[in-house]
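As structure tokens, the structure follows; a few thoughts come after it.
Number of protein chains: 2
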Amino acid sequence: MTKREGRTLPLARLRAELERRGLDGFFVPRSDEHQGEYVPPSAQRLAWLTGFTGSAGAAVVLRDKAAFFTDGRYTLQAAAEVDAGAFELLHLVERPPHEWIAAALPAGARLGYDPWLHTPDGVGHLKDACDRAGGTLVACAENPLDAVWTDRPAPPLAPIEVHPLALAGKSAADKRADLAALLAKDRLDAAVLTAPDSIAWLLNVRGGDVPFTPLPLSFAILHADARVEWFVDQRKLTATLGEHLGNGVAVEPPAAFGAALDALAGRRVRLDFATAPAWTHDRLATAGARIVRGADPAQLPKACKNDVELEGARSAHRRDGVALARFFAFIARTARAGGLGEIAAADKLEEFRARGEHYRGPSFPTISGAGPNGAIVHYRATRASERRIEPGQLLLIDSGGQYLDGTTDVTRTVAIGAAGVEERRRFTQVLKGHIALATTRFPQGTTGSQLDTLARLALWGEGLDYDHGTGHGVGSYLGVHEGPQRISKPGNAQPLLPGMIVSDEPGYYKAGAYGIRIENLVAVRREPAPAGAEKQLLGFETLTLAPIDLALVERDLLTQAEADWLNAYHARVNAEIGPLLDSDTARWLASATRAI
Amino acid sequence: MTKREGRTLPLARLRAELERRGLDGFFVPRSDEHQGEYVPPSAQRLAWLTGFTGSAGAAVVLRDKAAFFTDGRYTLQAAAEVDAGAFELLHLVERPPHEWIAAALPAGARLGYDPWLHTPDGVGHLKDACDRAGGTLVACAENPLDAVWTDRPAPPLAPIEVHPLALAGKSAADKRADLAALLAKDRLDAAVLTAPDSIAWLLNVRGGDVPFTPLPLSFAILHADARVEWFVDQRKLTATLGEHLGNGVAVEPPAAFGAALDALAGRRVRLDFATAPAWTHDRLATAGARIVRGADPAQLPKACKNDVELEGARSAHRRDGVALARFFAFIARTARAGGLGEIAAADKLEEFRARGEHYRGPSFPTISGAGPNGAIVHYRATRASERRIEPGQLLLIDSGGQYLDGTTDVTRTVAIGAAGVEERRRFTQVLKGHIALATTRFPQGTTGSQLDTLARLALWGEGLDYDHGTGHGVGSYLGVHEGPQRISKPGNAQPLLPGMIVSDEPGYYKAGAYGIRIENLVAVRREPAPAGAEKQLLGFETLTLAPIDLALVERDLLTQAEADWLNAYHARVNAEIGPLLDSDTARWLASATRAI
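Just so you know, the sequences run in chain order U and C. Under our numbering, the first residue of the first sequence is numbered 975, with each subsequent residue one higher. Under our numbering, the first residue of the second sequence is numbered 975, with each subsequent residue one higher.
So, in structure tokens, the structure goes:
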């Protein structure tokens, strides 16, 4: 079955269903009801419709045309997966769906959407776009795509586990009390929680409903008296959970969520317009609740790791560092001979990680890209796409682990055999950006967006850049991507706060040739004040412990301060990881971390 | 009359009027109907109520308390001008009015506002704040403050002049046609223009209704067929204007504005929710227009200067540079003797500027601050506040001129006599920030916010910062502050585009001691591509031509590249300005711009 034949059918069936309902179009986002990064097979509507398997995208289907949108990380993947004959392929940022709709939707046309799958903010933007086109946006009580998706998988029912106090560092009762106090301070009666990672953090539970992130899909209402109504399929509950949750948490079936929202009539209820389904907004509004727009109250405290979580992260990174040292020693021993496949390399790394204590699985699909595949930012090797790793190539490996005590995410780019002059130069420019961010000190109140440029300057000077953010938040045995902080070009109003874990991952990608990325996780910490300082300075503690390939470093392009950072970092990697290794790997690591 | 007695009366009268109208509070912004930086005396409601004369502030008056808000530039000024017994003095950014209202407004209370003085976005935020407090926001058809402001001045009626094609570089007819084409592309029937500088730019007219910015206060509607309805007091029109405007522009009295909005019933009308009065929104909505939210269409093309405007800016800056050289030579000759006042210094600079061709007046009130007064960011010397300029002090002079061919804005900080070690160190750190921004090259699509940090890094390293933006847009014989671009901490989505003029003005202020700021205007330009470049690089051309005080530069703190920049800049200042000076001043300039 060719790609085109495979995808024509769903599109045709959706169009027929739209016609039947008197709709001229329909918006198919990638997200499910929880707006999370990973969606279970039962909610992969965009993949069913378009074939696209990446984590960011959307499609708009009109009567006579359709468009598919994804960002720079997935442009090449979309070209490979989505039928360009059926869908116009567009850049999510440069030509966003709203712009396309404003131009393409005929005047008078009715564009449908599923209010479970869009946030109130998202619906607002969609409505603006339809207004501009002179069309109408129509909320669909039943999703027309679901009506024609006949082989739709069942929703997941993974068991829910307790995340113990020894790892969480703060009891669920204390978290509920603290958040409830925040609500009371704003004279709110309740907050609706629809982000599963917020709920997992709040209740100190973990699950397995989606891949890579240990969370149970659920909804919750937090009341100002610290009570929680938790809407979760009871088949997912395990024996010890009742005692763990205690009296303050009432477990209710998901079907009871709507009625519970109705019961908030007349109450002041916080709803996160950027993450909640518009359905909850509409239901609360209809019920007569006083909706107060505001951030999910768990998001910020979850992002600021406590001392127990930070200590867990350090431990997890040491174990991760052992696996990475073994893996890169293995690559150094074997890859130069050629013939090792991208998937075999990823499997090998997973094998090393799996030997570590508390390891529960990868935190996202490993990116293992050799040569030109390294230039595909969120590349995922398949049997069809994978290359053999050969001398003269760069190998880019971006991977991470879920450990009970922490989540890791690390990218290294290594030269197989001798590296070219251009590759060494580009790698060193990326490294300069990585170091600039890792070593910066900044006053309290500074946002990640304010620091993003530091990681790009060395590349900008050459007329180069990379089309992705520089850093994302990372959870504690939770999502490998979490907010509210972010280090990226678009403005983000959230200041970096002590305890936040973020990635530092500049890169450079030459399409058809090679990709480079250097990624460590770092934790925001207070820095000592210089004499005369007027501001509390913050900076970063590097958590990731893995050698940076010296074969790709052009020493002459580094300043002395940059070389000092690299040498100090490598000395630390060797000191912390070396003693945990077998003697052969330790010897390799000592050499790989030598001072330059 | 003491400060307290002077301000109690207006507040009491406003409260009585609110009581009479059944209101529990009222929001008094600093802005008028046009949301511009300068407001005519007839609209200085905040000054009448609070005594505050700065350019950014707001007050909220409740029954039993009141709060006054301003930003970091005006904190000290507000403390001097506003009665802290009547108004709680708060920081506009750290404790914004919305937060204060959400906490202070009693549940059930009615907070009034004047829809002419707030934008639709602003009203949205106010409404959220009232919602959070459990109160109600009430639009007042008649401003209650105006009802009790008995000695209110009459509105201004300054004559309107033609801004000729030789200076504007593009005819008003061409501008109207281009903007109309943009509207048509978005299937819009019209756009409402409420920003006087947008209208002045579009029609190639200038006026004098407010100080410092040569613009006539007016409203306009631009139609998709390039027609403009211009709502302006006909007493302001001069003889040549009719011919200049041509058939495409219909002049109508301001009182006809409402009826013209009514006539847009059923039409698709763009309104800028960030700059238009909410009154226009409400009127259009009531009339049944289809309101499409979008930026004032003149804002972006106005910001991107054409070649004629850029050449005008260069000429104006040469004339400004002559005045600055004469002024700083005068300071060098006379100030060390002591006794020169801040106001006399500012007057002297104005005297030198006034000798320049095309000079029409200052572009904003000169800031002339000696010693501790330099630390007041937007200080304005008065007879009561001014200091004598004495040896051992720093003198900060921030000033600018309105020339027919361009608007200037420049800050220099000079040492009177010997400078202290700390002052030299701080000045050099500010200079490093200035140079970092001036020399950066960045890919097309980069916003000013992405560059802001570059100007702060050297200070951050010392635990220091400055509490104002790094750069603002500057008009062409128009506002010295204009958007949409900005170089500042808060995210700003507008990429920098070739032709935009912005300031580069980092600073450092030690309260009670001294202030430092180094400001040049720069124009965004295309830079040549390095070998292998993948992006079009942009950079800055420095327009301002004035020496940077070498007595304050600590050479050892500069890198060689920074020193090279300073020497090259000084060589250029000397080469361009020196030949235009008398021989004494030229000799001084040659020494002031010597290589280090």
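Beta carbons are placed, not taken as given, at the ideal position from N, Cα and C, and that holds for glycine. In this text, all values refer to a predicted model and were calculated from it rather than measured experimentally.
If you reduce the DSSP assignment to three classes, tell me which class Q1376 (chain C) lands in.
strand
Could you work out which residues of chain C lie near R1416 (chain U), taking near to mean beta carbons separated by less than 7 Å?
Per the sequence shown, the amino acid found at residue 1416 (chain U) is Phe instead of Arg. Here the neighbours are W1434.
Please name the residue, chosen from U:K1159, U:R1334, U:W1022 and U:D1095, that lies closest to W1074 (chain C) on a Cα-to-Cα basis.
U:K1159
Could you check the C-alpha separation between L1532 (chain U) and N1541 (chain U) for me, to the nearest Å?
12 Å
If we call anything under 9 Å between Cβ atoms a contact, is D1441 (chain C) one with V1547 (chain C)?
no
What separation, rounded to the nearest whole angstrom, lies between the Cα atoms of G1552 (chain C) and Q1403 (chain C)?
28 Å
Could you compute how far the alpha carbon of S1342 (chain C) sits from the alpha carbon of G1394 (chain C)?
20 Å
Does DSSP classify A1564 (chain U) as helix, strand or coil?
helix
Which residues does DSSP pair with F1043 (chain U) in a beta bridge?
U:A1032 and U:L1064
Using beta carbons (cut-off 9 Å, strictly below), is A1164 (chain C) in contact with chain U?
no
The beta strand (DSSP E) with Q1459 (chain U) in it runs from where to where?
E1456 to I1461
Look up K1484 (chain C) in the DSSP assignment and give the residues it is bridged to.
C:Y1488
What number of angstroms, rounded off, separates the C-alpha of E979 (chain C) from the C-alpha of E1007 (chain C)?
Only weak support is given to the placement of E979 (chain C): the predicted model assigns it a pLDDT of 45, under 50, and the question is left unresolved by the model.
Between which two residues does the alpha helix (DSSP H) carrying A1306 (chain U) extend?
D1281 to T1308
Between Q1018 (chain C) and chain U, is there a C-beta pair that is closer than 9 Å?
no
Run through chain U and tell me which residues come within less than 9 Å of P1118 (chain C), C-beta to C-beta.
None at all; the shortest Cβ gap to chain U is about 27 Å.
Within 9 Å, strictly: CB atoms of P1417 (chain U) and G1437 (chain C)
yes
State yes or no: is the beta carbon of K1628 (chain U) nearer than 9 Å to at least one beta carbon in chain C?
Since the first and last residues shown for chain U are 975 and 1570, residue 1628 (chain U) lies out of range.
Does the structure place the region 1024–1042 of chain U close enough to the region 1099–1109 of chain U that three or more beta carbon pairs sit under 8 Å?
no
Who are the neighbours of L1471 (chain U) on chain C, taking C-beta pairs under 9 Å?
Under the 9 Å cutoff, chain C gives no residues; its nearest Cβ is about 16 Å from L1471 (chain U).
According to the neighbour-count rule (16 or more other Cβ atoms, all chains shown, within 10 Å of its Cβ), is T1124 (chain C) buried or exposed?
exposed
Is the shortest distance between the beta-carbon of E1396 (chain U) and the beta-carbons of chain C less than 9 Å?
yes
Report yes or no: do three or more beta-carbon pairs, one from the region 1359–1366 of chain C and one from the region 1406–1415 of chain C, lie closer than 8 Å?
no
Taking Cβ-Cβ distances below 9 Å as the criterion, which residues of the region 1254–1267 of chain U are in contact with chain C?
R1264, I1265, V1266 and R1267
Those residues which DSSP pairs with T1381 (chain C) across a bridge
C:Q1376
With DSSP as the reference, label W1253 (chain U) as helix, strand or coil.
helix
Quick check on N1347 (chain C): does DSSP put it in helix, strand or coil?
helix
State the Cα-Cα distance for the pair A1140 (chain U) and V1282 (chain U), rounded to the nearest angstrom.
8 Å
Span of the beta strand (DSSP E) holding P1336 (chain C)?
Y1333 to P1336
R1150 (chain C) in three-state terms, based on DSSP
helix
With distances taken between CB atoms, is the gap from D1183 (chain C) to P1228 (chain C) smaller than 9 Å?
no
For K977 (chain C), which residues from the same chain have a beta carbon less than 6 Å from its beta carbon, with the 5 sequence-adjacent residues on both sides left out?
Low local confidence applies: a pLDDT of 45 at K977 (chain C) is under 50, so the model's placement there is unreliable, with the coordinate-based value given in what follows. Closer than 6 Å at the Cβ level, and outside the excluded window around K977 (chain C), lie D1057.
Partner residues on chain D for A1503 (chain C), Cβ-Cβ distance less than 8 Å:
Here the protein chains are U and C, and chain D is not one of them.
Hey, would you say A1032 (chain U) sits closer than 9 Å to V1002 (chain U), going by beta carbons?
yes
Is the Cβ of K1463 (chain C) closer than 9 Å to any Cβ of chain U?
yes
Going by DSSP, which residues form a beta bridge with W1204 (chain U)?
U:A1194 and U:V1225
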